[in-house]
Each structure stands twice: as C-alpha cells, then as structure tokens.
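Below: the structure, in structure tokens.
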Amino acid sequence: MGATTDIIKDISAKEFSAVYITCTAANLIVYESEDDLAHIECRNVPEGSEVEALGDILRIKLKRPSVLDIVLRDPFRQATCKVGLPGKLYESFNADIGLGNAVIGAVKCESANIRSGQSNLKIEDMKVQKLTRLESGVGNVTITGLESGPLEIKSGVGNVKAENTSTAGLDIAGGTGNIRFDGKVQGNISVKGGVGDVDLVLHEDPSLHSGKYSLKTSHGIGKVNIEYIRDTNEEADAAETKDQADIGDAAEQGDTE
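Residues are numbered in this note's numbering as their position in the sequence shown, beginning at 1, plus a constant of 1264.
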C-alpha cells in the first residue's frame, strides 16, 4: 500500500482570500474557526498531498490514492480533512470531493462551487452573496440554513433536500431521487426531476417581489407538490391556499409557469 501521512498547519487569514480544496478520497469537514487562523488537519492522507497559501489562495490538494490503496485501506484509519476557516468574507469557496462524505458549514463567500463524486454532501449555515453551484454524482445533498444568490443544484443519483434556505433564484436538476425545497426564493424557480417526488414549500414574502417571476417544474416518474406559505394575514393565507391547489394540479401535468 502507498504511504500515508498527517498534515497539520495553521495559516493566517491575511495570507488568502479564496479557498480551493481537492479531496479525492477522504471525509471533509469545513467549519468556522474561533480566531484569525485557518486550522487544517489532514489525517491518513497519501504522501505528496499539499496544503499551502499561495497567490492569495488557500490550496488544499490531497493526492489521489491508487485503487488498490482504496480497496485495502484499514477501515479504522479513515482519511480525513478538517478545515477551520476564520469568519471573514472570501472571494470564492471551491471544493472538489471525490470519494468520501463532506460537511461544509458557516462559510461566508461571494461565490461557491462545490462538486462531489460519490459522497453525501451537507451544506450548513453558509452565506453566499452571488452564485452557489452544487453538483453531485452519487449521494444525497442536504442543505440547511443557506443564504445565497441564485442556487444551482445538479444531482445524478440521490435525494436533494434544502430547508431553512433563502436564495435569489432556484435551479434544480435531479436524476434519480426525491427533491425537497423548503424556504424563500426571491426570483425564478426551475425544478426538473427524473425519477422521484418533487416537493416545494415556498415561504413567500410579498415584499421580496417587485414584479412577476416564473415557476417551472417537470418530472418523469413521481409526484409534484407545491405549497405557498405566507405569514401576513388571513386573507393572504386563504389566497395562497387556492394558488397552491391550482398550481399543484398543473404541476402534475407537466410544466408550471
């Protein structure tokens, strides 16, 4: 088997304004540190892996292990990468996860681009000013407490679940798996499901919309349910219930706008 190593580093937040993580075969945890240092702790990762701040970018690149190394790896010596980031605004946050689960929490950035191959991906309490792009091959995508500009999600096989989430637009393309979104969307909505149910619970604040916006859903096999929740007054709540029934029926037939 290939040799493994541990990498433990503390890097000042002044040395970088963007984050790039390549985690090919390890569990990844990103959290907010309690000081002005980035705390990186990689355990049992292949030799040749790199952690450095260069050109205003924090780069964490874990070397790809061989297939044999992955098959013969000791289950009690899992490869892990823990990254504590100081609580400042980053220009961008980028993560490429291959094989291994990932939990990414409390990151503040202008844009986020996160890809996972065969892993369960959790996004918790992130704040993204512009576009958030998530892409998953095989595995569930779970989002809680995200505040973002437009949110784009592409999923191959696995459930997509977003709760307590607020975005400036929503575009979800799912393959096989259920899709559920529960939150506020201040813009256009497009949800395409392949095999699985689509469940949208939209907490609509009328003050967020200055004009019309579109809502489109399509799916292959599965049910579509769309619900509006408006915490304003009883008259508005009654109107939203009627809208829900009308749109729900249309969604079952195909596209809704």
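Where is the CB? At the ideal position from N, CA and C, for every residue including glycine.
Measuring straight from C-alpha to C-alpha, what distance separates residue i and residue j?
| i | j | result |
| --- | --- | --- |
| T1286 | E1427 | 27 Å |
| T1481 | K1456 | 6 Å |
| G1319 | L1410 | 29 Å |
| D1389 | L1466 | 19 Å |
| D1446 | L1434 | 12 Å |
| I1293 | E1468 | 32 Å |
| I1321 | F1280 | 5 Å |
| G1268 | T1429 | With the sequence shown as reference, residue 1268 is identified as Thr, and Gly is not the correct amino acid for it. One C-alpha to the other measures close to 39 Å. |
| G1458 | T1408 | 23 Å |
| I1548 | R1494 | Because the chain here runs from 1265 to 1521, residue 1548 falls outside it and cannot be looked at. |
| E1355 | T1288 | 23 Å |
| G1439 | V1402 | 10 Å |
| F1340 | G1362 | Any answer about F1340 is weak, because its pLDDT of 47 lies below 50 and its placement is not dependable; what the coordinates show is given next. Taking the straight line joining both Cα atoms gives about 20 Å. |
| L1415 | L1353 | 18 Å |
| D1270 | G1484 | 47 Å |
For residue i, which residues in the same chain have their Cβ closer than 6 Å to its Cβ, ignoring the five residues on either side in sequence?
| i | result |
| --- | --- |
| K1394 | E1374, S1375 and G1413 |
| G1460 | G1441, N1442 and G1486 |
| K1327 | P1310, G1312 and S1313 |
| E1399 | R1379 and K1418 |
| I1324 | I1285 and V1315 |
| E1305 | I1272 and K1346 |
| N1404 | N1384, G1422 and N1423 |
| D1208 | Outside the shown range of the chain (1265 to 1521) lies residue 1208, about which nothing can therefore be said. |
| T1406 | K1386 and K1425 |
| D1463 | R1444 and N1489 |
| F1357 | V1283, V1371, C1373 and A1376 |
Only counting the same chain, and skipping five residues up and downstream in sequence, which positions put a Cβ closer than 8 Å to that of residue i?
| i | result |
| --- | --- |
| E1296 | G1348, L1349, P1350, G1351, G1369, A1370 and V1371 |
| K1448 | T1429, S1430, T1431, L1466, H1467, E1468, D1469 and L1472 |
| D1274 | L1301, A1302, H1303 and I1304 |
| E1498 | Its pLDDT being 43, under 50, E1498 is placed unreliably by the model, and the measurement read from it follows with that caveat. Cβ neighbours of E1498 beyond the five flanking positions: none. |
Roughly how far, in whole angstroms, is the beta-carbon of residue i from the beta-carbon of residue j, given that I think they are within contact range, below 8 Å?
| i | j | result |
| --- | --- | --- |
| S1383 | A1366 | 6 Å |
| A1432 | G1420 | At roughly 25 Å, the Cβ-Cβ gap does not stay under 8 Å, so A1432 and G1420 are not in contact. |
Excluding five sequence neighbours on each side, which residues of the same chain lie with their C-beta closer than 7 Å to the C-beta of residue i?
| i | result |
| --- | --- |
| A1290 | V1309, L1326, A1343, T1344, C1345 and G1364 |
| K1232 | Residue 1232 is absent from the structure shown; the chain starts at 1265 and stops at 1521. |
Item checked: Runs of alpha helix (DSSP H) wholly within the region 1375–1446 (minimum 4 residues, chain order) -> Here no run is fully enclosed.
Notebook entry, point to check: Whole alpha helix (DSSP H) runs in the region 1294–1336 with 4 or more residues, listed along the chain?
Noted result: Runs of the alpha helix (DSSP H) inside the region 1294–1336: 1331–1336.
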